[in-house]
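*Asks:* Position in the sequence shown counted from 1, then plus 54, gives you this note's numbering. Attaching a single structure in structure tokens format; questions to follow.
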Amino acid sequence: MTPICRPHHRPTPRRWAALLALSLLIAHPGQAQTLKKPALEALVSSPRTAATADLQAFMAAAAKAEPAAAPAVAAWQAKAPLAGDNLVNIGRLLGVYNRVHNEAAVIDTIGKMVALRTVRDEKIAQHDNPAIVEFGKLVESMARDFGLAYRNVDNRVFEVTLAGGGKDTFGILTHADVVPAVAEEWVLDDGTRLDPFRLTRVGDALYGRGTIDDKGSIAAVLYAMKTVKESGVPLDRTIRLMIETTEETGGDGMKYYRQHAPLPEYNIVLDSKYPAVVAEKGAGTLTVSFGIKSADGKAERGKADDKGPVIVAMRGAASANAIPETATARIAGGDAAAVAAALEQAKADFVRRNAPRGKFSIDVKRDGDEVEVKVTGASAHGSRPEEGVNPLPRLALFLQASGVRLADNHYLNAVRYLNDLYGLDYLGNKMEVAYRDAFMGPLTMSPTLVRERGEYVDVVTNVRMPRGRTPDELGARITKRIFGWAATHGPVEIKYDQGNWMARDPKGAWLSTLLNIFGDTTGLEAKPVATAGSTTAKLMPNAINFGPAMPGKKYTAHNAREYKEVGDLNLDMQMFTEMLVRIGNLDKMQ
């Protein structure tokens, strides 16, 4: 019999070295330990790792710079199965590599995304919005370049998939749409004017609409997926990124998606805060409408008459879910010079008396026969009124306290409503519905927006409802209080849409993994938290939020001058990368 000759493939020198190192490390497993914040930051700042040309060189440099990483690197180089501390450390090293090599690319991507004005346009369906269509094309191009699968679900959700070896999938949810921006409010303290839809870096801050909510998260997680794909680290679970397009206006896109695609059983949302959010308040919109009438009771809009000074216009936020930066009222009729003088005389004392509840200013400007009153406070996300100073109720109180006798009309009735049922309180005390949950915090009710709509003037209030009431219970109490007030002040119409609160069971291997990632990366306390925000996590099974807002910092989403700190973006890149590696390889999620 003729012997069969097989070619003999000798391992390369690098392969021999990796196998030898791996065998030694297997013989001495106690040397392994997980990398934590000091070691990770040292690797980020090390010239040795920063100068590496590719992932292989980076891993070799990291193993030399940080001996605790050597066992994991040896296993990765030998393509051995990764588990335990080795899997953790590879996830962390990939996060460092992502930060060191991709930060500039991520910031550039955020800039391209911010330039796309993905604000909802009421004149067209959001899935036909040209900015949304272009956003999908941008994501598709990146996915193709990164070797990831892409699917466009009718411009409602853009999917990017990193395939795993098992049958399970875990989901990551973000959103491409943003809230409107009032351009004149985007001015820095030094007078620098910013374009909300152009990324501007000032020091460590990246200014632009969507930088923290939620385009920064999209860019960071796409590059995390790219990094994991390039590493060759096998995943037991497929990772599906879902970029929704209507989160800021009710989540219709996700509702559509649920009818056209099976949902992952477990989902992580990148649209709130760290360490990990397991409970959300329910978001509500309360609209109280006043029929438009002139000072003599006739239906008429925006005109003065001989009844004296009258409010002819008011404005607050550009969207209901934002605490405005400014609120304005225009007064016409009567003696404009006398009105302006009276308001000027009253403003200093009013500001002094109310300054302890938040810094704000008042500007009075005469414009021909009209007078404009502008109150400037501090913008905030609608779910976090405590982080801002709401100028709208301060404007209403000032108009009442100024001593100027304003003629009765729809705007004056709106002012009375704001003063009688809110004042400077946002906890529902004057509305007689205040309560709080020990974990989720208090009910908040923030009037944010005033608008003319057909034959009505609307006052819109952003409501955040914690555990302790049902939407129907809270709605019944609020409407009863408002109708009781209206009995002596004139008729109103009420529309109230209240979402329910959500609370997840704060247990399971996936939750403890996320908390471990956050704690070891940041050195901060890592425990489950609640948020006043309301995200599409409510529409997904087993969904919790992981970032991107850091504890102890103001959340600038929906603010004038929204920004994302570069340092925090780097931490997102670090933690998202490790999250993909570790959640993608958990034996069991629960």
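Even for Gly, the Cβ is constructed at its ideal location relative to N, Cα and C. Here the structure is a predicted model, which means the values were calculated and not measured.
How would you write the range of the alpha helix (DSSP H) that Gln454 sits in, first residue to last?
*Replies:* Counted from its first residue, the sequence shown places residue 454 at position 400. Its alpha helix (DSSP H) spans residues Pro445 to Ala455.
*Asks:* Rounded to a whole number of angstroms, what is the C-alpha to C-alpha distance between Asp162 and Thr265?
*Replies:* Numbered from 1 along the sequence shown, position 108 holds the residue referred to as residue 162. Numbered from 1 along the sequence shown, position 211 holds the residue referred to as residue 265. When rounded, the distance between both Cα atoms is 12 Å.
*Asks:* Tell me the DSSP secondary structure of Lys419 in three-state form.
*Replies:* By one-based count along the sequence shown, residue 419 stands at place 365. Three-state result, Lys419: strand.
*Asks:* Label Ala116 either buried or exposed according to how many other C-beta atoms from any shown protein chain fall within 10 Å of its C-beta, with 16 as the threshold for buried.
*Replies:* On the sequence shown, residue 116 is found 62 positions in, with the first residue counted as 1. So Ala116 counts as buried.
*Asks:* Is there contact between the region 240–257 and the region 174–192, where contact requires at least three CB pairs shorter than 8 Å?
*Replies:* Cβ pair count under 8 Å is below three, so no.
*Asks:* Using DSSP with H/G/I as helix, E/B as strand and the rest coil, what is Ser343?
*Replies:* The residue you call residue 343 lines up with position 289 of the sequence shown. Strand.
*Asks:* Give a yes or no on contact between the region 435–453 and the region 283–296, applying the rule of three or more CB pairs nearer than 8 Å.
*Replies:* No, the region 435–453 does not touch the region 283–296.
*Asks:* If I follow the unbroken beta strand (DSSP E) through Arg411, where does it start and stop?
*Replies:* By one-based count along the sequence shown, residue 411 stands at place 357. Note, Arg411: premise wrong, no beta strand (DSSP E); not H, not E.
*Asks:* Which residue wins for smallest C-alpha separation from Ala376, given the options Pro501, Ala400 and Asp306?
*Replies:* The residue you call residue 376 lines up with position 322 of the sequence shown. Of the listed residues, the one whose Cα sits closest to Ala376 is Pro501.
*Asks:* So for Glu213, helix, strand or coil by DSSP?
*Replies:* Counting from one through the sequence shown, the residue named residue 213 turns up at place 159. Here Glu213 sits in strand by DSSP.
*Asks:* Identify every residue that forms a DSSP beta bridge with Pro501.
*Replies:* Position 447 of the sequence shown, counted from the start, is the residue given in the question as residue 501. Beta-bridge pairing links Pro501 to Thr515.
*Asks:* Who does Asp551 pair with in a DSSP beta bridge?
*Replies:* Indexing the sequence shown from 1 puts residue 551 at position 497. Its beta-bridge partners are Thr339.
*Asks:* Roughly how many angstroms separate the alpha carbons of Gly621 and Val275, rounded to a whole number?
*Replies:* To locate residue 621, count along the sequence shown from 1; it is residue 567. To locate residue 275, count along the sequence shown from 1; it is residue 221. Looking at the two C-alpha atoms, the distance is approximately 16 Å.
*Asks:* Enumerate, from N- to C-terminal direction, the unbroken beta strand (DSSP E) stretches of 3 or more residues contained entirely within the region 593–628.
*Replies:* The region 593–628 contains these whole beta strand (DSSP E) runs: 597–599 and 617–619.
*Asks:* Alpha carbon to alpha carbon, what distance is there between Ala394 and Asp421?
*Replies:* For this step, residue 421 is matched to residue 367 along the sequence shown. For this step, residue 394 is matched to residue 340 along the sequence shown. Going by the C-alpha atoms only, they are around 10 Å apart.
*Asks:* Is the distance from the Cβ of Thr223 to the Cβ of Arg291 below 9 Å?
*Replies:* Indexing the sequence shown from 1 puts residue 223 at position 169. Indexing the sequence shown from 1 puts residue 291 at position 237. Closer than 9 Å, so yes.
*Asks:* Along the chain, where does the alpha helix (DSSP H) that runs through Lys191 open and close?
*Replies:* The count along the sequence shown starts at 1 and reaches residue 191 at position 137. Counting along the chain, the alpha helix (DSSP H) containing Lys191 begins and ends at Pro184 to Phe200.
*Asks:* Cα separation between Ala349 and Met627?
*Replies:* Taking the sequence shown and counting its residues from 1, the one referred to as residue 349 is at position 295. Taking the sequence shown and counting its residues from 1, the one referred to as residue 627 is at position 573. In this predicted model, Ala349 has a pLDDT of only 48, less than 50, meaning its place in the structure is not dependable enough to derive any value.
*Asks:* Going along the chain, which unbroken runs of the alpha helix (DSSP H) with 4 or more residues stay wholly within the region 102–150?
*Replies:* Runs found: 109–119 and 124–131.
*Asks:* Spell out the partners DSSP gives Asp491 in its beta bridges.
*Replies:* The residue labelled residue 491 in the question sits at position 437 within the sequence shown. Asp491 is bridged to Gly495.
*Asks:* So does the region 518–536 actually touch the region 386–404, counting three or more Cβ pairs closer than 8 Å?
*Replies:* With a cut-off of 8 Å, the region 386–404 and the region 518–536 do not count as touching, because too few Cβ pairs lie within range.
*Asks:* Rounded to a whole number of angstroms, what is the C-alpha to C-alpha distance between Asp417 and Met499?
*Replies:* Position 363 of the sequence shown, counted from the start, is the residue given in the question as residue 417. Position 445 of the sequence shown, counted from the start, is the residue given in the question as residue 499. So the alpha carbons of these two residues sit roughly 26 Å apart.
*Asks:* Under a CB-based cut-off of 9 Å, is Arg146 close to chain C?
*Replies:* Given the protein chain composition of this structure (a single chain), no chain C is represented.
*Asks:* Quick check: Thr585 and Ser326, are their CB atoms within less than 9 Å of each other?
*Replies:* Here residue 585 is taken as the residue at index 531 of the sequence shown, counted from 1. Here residue 326 is taken as the residue at index 272 of the sequence shown, counted from 1. Yes, the pair counts as a contact, with Cβ atoms nearer than the cut-off.
*Asks:* Are the CB atoms of Gly495 and Phe344 within a distance shorter than 9 Å?
*Replies:* Counting from 1 along the sequence shown, the entry for residue 344 is found at position 290. Counting from 1 along the sequence shown, the entry for residue 495 is found at position 441. Going by C-beta atoms, Phe344 is not nearer than 9 Å to Gly495.
*Asks:* Can you name the residues that DSSP bridges to Tyr261?
*Replies:* Numbered from 1 along the sequence shown, position 207 holds the residue referred to as residue 261. Partner(s): Thr254 and Tyr617.
*Asks:* Out of Arg636, Glu632, Gln644 and Asp641, state which residue places its alpha-carbon closest to the alpha-carbon of Leu94.
*Replies:* On the sequence shown, residue 94 is found 40 positions in, with the first residue counted as 1. For Leu94, the nearest C-alpha among the options comes from Glu632.
*Asks:* Cβ atoms of Ile365 and Leu466: under 9 Å apart, would you say?
*Replies:* For the purposes of this step, residue 466 is taken as the residue at position 412 of the sequence shown. For the purposes of this step, residue 365 is taken as the residue at position 311 of the sequence shown. Contact: yes.
*Asks:* Using C-beta distances below 6 Å, list every residue in its chain close to Glu547, excluding the 5 sequence neighbours before and after it, in chain order.
*Replies:* Translated into the one-based positions of the sequence shown, residue 547 becomes position 493. Contacts found: Ser343.
*Asks:* For the beta strand (DSSP E) containing Arg384, name the first residue and the last one.
*Replies:* For the purposes of this step, residue 384 is taken as the residue at position 330 of the sequence shown. Segment Thr380 to Ala386, the beta strand (DSSP E) holding Arg384.
*Asks:* Applying the 10 Å Cβ sphere with the 16-neighbour rule, what's the burial state of Phe537?
*Replies:* Position 483 of the sequence shown holds residue 537. The residue is exposed, with fewer than 16 neighbouring Cβ atoms inside 10 Å.
*Asks:* Give the DSSP-derived three-state secondary structure of Ile377 in the structure shown.
*Replies:* Numbered from 1 along the sequence shown, position 323 holds the residue referred to as residue 377. Ile377 falls in the strand class under three-state DSSP.
*Asks:* Just how far apart, CA to CA, sit Asn446 and Val511?
*Replies:* Translated into positions along the sequence shown, residue 446 becomes position 392. Translated into positions along the sequence shown, residue 511 becomes position 457. The question names Asn, yet the displayed sequence has Leu at residue 446. So the alpha carbons of these two residues sit roughly 15 Å apart.
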